[in-house]
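See below for the structure under consideration.
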Amino acid sequence: MPADTNQYGDIFGGWLLGQMDIAGGIFAAGIAKGRTATVAVDAMTFRNPVSVGDVMCIYTDLIRIGNTSVTVHVEAWVIRRNQTDRLLVTDGNFTYVALDSERRPRAIDANGYQATGAAGQHARR
């Protein structure tokens, strides 16, 4: 049995949340122009199971840029084996804080950054 599944072949939610955090962190770091750290995960909804063999597609959208933080909506979709349609399996809101070289919160310069909307910029993993 693979390490990240239960006895029925479903992927553990914690593993999926970790993959979503990686994608959200990549997106947040691009906005913050540097290192970020996860400070909160809110409103996680596990809608459908993820099975061994599913292809994962993870997408991000900007919710808000604060003084030192970025809040990102992250969605995980799958393409099931032998299918072509995508199915939303999990979504939630992740908040990241921008860090300086000493790992302390720092201000985010959001000038020049434009949100591209729901169908716009995505970080994929």
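Numbers 1019 to 1143, taken from my numbering, label the letters of the sequence shown in order. No residue lacks a Cβ here, since even glycine has one placed at the ideal position from N, Cα and C.
Simplified DSSP state of residue i, which is helix, strand or coil
| i | result |
| --- | --- |
| Asp-1028 | strand |
| Arg-1142 | Low per-residue confidence applies at Arg-1142: pLDDT is 36, beneath 50, and the placement is therefore not dependable enough to give any value. |
| Ile-1040 | helix |
| Ile-1126 | coil |
| Ala-1021 | coil |
| Leu-1034 | helix |
Close-in-space but distant-in-sequence residues of the same chain around residue i (CB under 7 Å, 5 per side omitted)
| i | result |
| --- | --- |
| Asp-1060 | Gly-1110, Asn-1111 |
| Leu-1034 | Val-1068, Ala-1094, Thr-1108 |
| Thr-1063 | Thr-1108, Asp-1109, Gly-1110 |
| Pro-1123 | Thr-1086, Val-1115, Ala-1116, Leu-1117 |
Cutoff 6 Å; reference residue i; Cβ partners in own chain excluding five residues on either side
| i | result |
| --- | --- |
| Gly-1042 | Thr-1078, Val-1090, Val-1092, Phe-1112 |
Cβ-Cβ separation, residue j to residue i (assumed contact under 8 Å), whole Å
| i | j | result |
| --- | --- | --- |
| Arg-1053 | Leu-1106 | So it is not a contact: roughly 30 Å between Cβ atoms. |
| Gly-1027 | Val-1070 | 5 Å |
CB of residue i within 8 Å of CB of residue j, strictly
| i | j | result |
| --- | --- | --- |
| Arg-1104 | Asp-1072 | no |
| Ile-1029 | Leu-1080 | no |
| Ala-1021 | Ile-1083 | no |
| Ala-1058 | Val-1088 | no |
Contact set for residue i: own chain, Cβ-Cβ below 8 Å, skip 5 residues either direction
| i | result |
| --- | --- |
| Thr-1056 | Asp-1039, Gly-1042, Gly-1043, Phe-1112, Thr-1113, Tyr-1114 |
| Ile-1085 | Checking the displayed sequence, the identity of residue 1085 turns out to be Asn instead of Ile. Excluding residues within five positions, the ones whose Cβ falls inside 8 Å are Ala-1125, Ile-1126. |
| Cys-1007 | Since the first residue shown for the chain is 1019 and the last is 1143, residue 1007 is missing from the structure and cannot be characterised. |
| Gln-1037 | Met-1074, Ile-1076, Ala-1094, Arg-1143 |
| Asn-1024 | Phe-1030 |
| Gly-1138 | Here the model assigns Gly-1138 a pLDDT of 43, short of 50, so the residue's position is not dependable and the matter cannot be decided. |
Beta bridge counterpart(s) of residue i as assigned by DSSP
| i | result |
| --- | --- |
| Gly-1110 | Val-1092 |
| Phe-1064 | Thr-1108 |
| Ser-1069 | Asp-1028 |
| Ala-1055 | Val-1115 |
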